[in-house]
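S.K.: Residues -30 to -1, 1 to 472 in mature numbering (1 follows the signal peptide of the UniProt record, and there is no 0) are what the sequence shown spells out, letter by letter. C-beta atoms are modelled at their ideal positions from N, C-alpha and C, and glycine is treated no differently. First, the structure itself, so that you have it in front of you.
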Amino acid sequence: MRVVVRTSSSNAKMHGLGLCLLLCISAVLGELFAVGDLESDGFDTIVFVSNLTGTKSGEFDPIVQALNSYALINAPTGPLDRDYDDSRRIYEAARAGTRKAVKLGFRSPLLVLGQLASAPEDAVWMQGIYPQLNAIMGALTALYTPLEIREAFPERATKYDKLGVYKPARDVLKIAWAMEEGRGVARDICGSDPERMSAYRIVEYLEQVFENDSQVSMKAERVDPIKYPFCAAVNRAAKGVERHDGRIVTMEYQGSGTPQETLLFTGKGITFDTGGANIKTHNYMQGMHRDKCGAAAVAGFFKTLSMLKPRSLKVMGFMAFVRNSPGADAYIPDEILTSLAGRRVRVVNTDAEGRVVLTDMLYYAKEAALKESNPHIFSIATLTGHARTTYLDYPAVMDNGPARKINAASSLKNAGDKISDMVEISTIRREDYEITNGQSEYEDLMQSYHKGTSDYGRGHQLAAAFLLRASGLDEVSCRLFKASYLFAHSSLQSIGMCFRSK
């Protein structure tokens, strides 16, 4: 990222006592500008986001009076004071307005956030930079071009030349651009088809993304059955096809200064999920290239870290990019696998492969956490259909005991409420642990419920309990009060992860 502060050209109008300052954050595609004058040249349309009801006279009068002009796009938020209104009203209005600008052929929109008259002043998403941040993130979402389109049609690589933001708050452009760069990495990995983003090609992509980054280190390796026994089981059928063979990716960010906190992320990266031996039927296989969204989100987060460079923070990532294929070598129900924590696990359903590969990742995250300062472990996955059945497109977030004591899930929920990326809090109960108990002396744990977790009343909580037990995290969490385990089920269409087509 390159940040340049410069004065506007001679064509720009005087504004107040100074010249219009342009903050240009340059990337490979498009530019993001801060604009202090509504009459600045260089922009071909204005996207005006506001709650028009109750608009008072003032600096936006010229826009309000000229909304019928072809060069002005009105993007109303609608009411903001109902019980169910939230930050997404701003985000979605900016996204819709910017998409309209793109559809009409404009290449340089100026985003203006007007009055939000009916918004409750005490709402968390109305504080500080958040109204502007939501508007900018919504606009940038509309301007994203999928990786495969960029590669196949270079002339369509970008939908815009520059995006202007009227009077942005301090640092909001820097934060928004870093977040969008991270979301772009996540979308590129998660949204691309299973051949373009097979495991080895994901590694190639990430090596390019972080090639010149001095604060993010990355290591990629093949799936060693001794080092990663559960990942190797899922990878068995795909291993015989070179382009489908899995990879384990670990990443680390080290901020300047002594780390005061360590975040450890594990991500499920199933490059394509056929269900394995328990093959998916009735068209349920379609869309399973997005079963890698969890690991994609972890990788994207490292891109955001590399741009914002938070101090005194260490972040570690453990991602399993594996394909769940059928075949003679596929792992099958009734197999007993022994986890790195020494737990004997009977496979019940090969389509519950996400918790299998995450078990290895969580084990290594747990071992690393024992050596770090103030560690917090997060697991991110598109893990169960039950989570979607329960919460639709909202990710489900669950704490273990130590995390609940510091309100980790609540903190994540509050953060999501501010930036249009909501989550729902779920709870792991004793029944969720009990249902994973082995049913004979052969095994310690059952990998899934015999009817499938989607059909079980507490399917997504069961999966979280299994992960805690199979990885051995349940034993150390009582000793590590500050080693919080937070599990986020991320739905396939989470705003911050996958690009919505609607």
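1. Assign residue 435 to one of two classes, buried (16 or more other C-beta atoms within 10 Å of its C-beta) or exposed (fewer than that).
2. Which residues does DSSP list as the beta-bridge partners of residue 118?
3. Which whole-angstrom value describes the C-beta separation of residue 129 and residue 72, a residue pair presumed to lie in contact below a C-beta threshold of 8 Å?
4. Is the beta carbon of residue 278 sitting closer than 9 Å to the one on residue 148?
5. When DSSP labels each residue in this structure, what does residue 373 get in the three-state scheme?
6. Strictly by DSSP, which residues pair up with residue 291?
7. For the beta strand (DSSP E) holding residue 192, just list the boundary residues, first then last.
8. In the DSSP assignment, the beta strand (DSSP E) including residue 549 goes from what residue to what residue?
9. Nearest to residue 263 by alpha carbon, out of 159, 301, 394, 18?
10. Using the Cβ count rule (16 or more neighbours within 10 Å means buried), how would you classify residue 330?
11. Assuming residue 366 and residue 347 form a contact by the criterion Cβ under 8 Å, report the distance between their Cβ atoms to the nearest whole angstrom.
12. Would DSSP call residue -17 helix, strand or coil?
13. I think residue 8 touches residue 136, with their Cβ atoms under 8 Å apart; what is that distance to the nearest whole Å?
14. Is the segment 403 to 411 close to the segment 303 to 311, with three or more CB pairs under 8 Å?
15. Terminal residues of the continuous beta strand (DSSP E) containing residue 20?
16. Residue 150 to residue 108, Cα distance in whole Å?
17. Based on the DSSP secondary-structure assignment, which residues constitute the bridge partners of residue 395?
18. Relative to the C-alpha of residue 342, which candidate in 374, 416, 200, 283 has its C-alpha closest?
19. Within its chain, find whatever has a CB closer than 8 Å to the CB of residue 90; leave out the 5 residues flanking it on each side and keep chain order.
20. In three-state terms, what does DSSP make of residue 124?
21. Where does residue 213 land, buried or exposed, given buried means 16+ other C-beta within 10 angstroms?
22. Counting pairs of beta carbons, one from the segment 285 to 292 and one from the segment 258 to 273, are three or more of them closer than 8 Å?
23. Considering only DSSP beta bridges, list what residue 75 is partnered with.
24. Excluding the 5 residues preceding and the 5 following residue -1 in the sequence, name in chain order all residues of the same chain whose CB lies nearer than 7 Å to its CB.
25. Count the other CB atoms, across all protein chains shown, that sit within 10 Å of the CB of residue 273; report buried if there are 16 or more and exposed otherwise.
26. Quick one: using the 10 Å Cβ neighbour count with 16 as the cut-off for buried, is residue 123 buried or exposed?
27. How would you call residue 280, buried or exposed, if buried means at least 16 neighbouring beta carbons within 10 angstroms?
28. Taking DSSP as the reference, what is the three-state secondary structure of residue 316?
29. Are there three or more Cβ pairs, one per stretch, closer than 8 Å when the segment 182 to 192 is compared with the segment 240 to 260?
M.R.: The answer reads as follows:
1. buried
2. Residue 118 pairs with nothing; no bridge assigned.
3. Confirmed, about 5 Å.
4. Against a cut-off of 9 Å, the Cβ pair of residue 148 and residue 278 comes out as a contact.
5. helix
6. 217, 239
7. Residues 186 to 192.
8. Because residue 549 is not part of the residues shown, which for the chain are -30 to 472, the question remains open.
9. 159
10. buried
11. That belief does not hold up - the Cβ atoms of residue 366 and residue 347 are roughly 17 Å apart, past 8 Å.
12. For residue -17, the predicted structure reports a pLDDT of 28, less than 50, and the residue's modelled location is therefore unreliable. A value from the coordinates is still provided. DSSP places residue -17 in coil when its eight states are reduced to three.
13. 7 Å
14. no
15. 15 to 21
16. Separation of residue 150 and residue 108 (C-alpha to C-alpha, rounded to the nearest whole angstrom) is 10 Å.
17. 367
18. Of 374, 416, 200, 283, the residue nearest in Cα terms is 283.
19. Setting aside the 5 residues that flank it on each side, residue 90 is surrounded in the same chain by 50, 51, 96, each with a C-beta closer than 8 Å to its C-beta; the list follows chain order.
20. helix
21. exposed
22. Enough Cβ pairs lie closer than 8 Å, so yes.
23. Answer is none; residue 75 lacks a bridge partner.
24. Residues of the same chain with a CB within less than 7 Å of the CB of residue -1, apart from the 5 flanking positions on each side, are 113, 128, 130, 131, 132, 133 in chain order.
25. buried
26. Note on residue 123: under 16 other CB atoms within 10 angstroms of its CB, so exposed under the neighbour-count rule.
27. exposed
28. strand
29. By the Cβ test, the segment 182 to 192 is not in contact with the segment 240 to 260, since fewer than three Cβ pairs between them sit closer than 8 Å.
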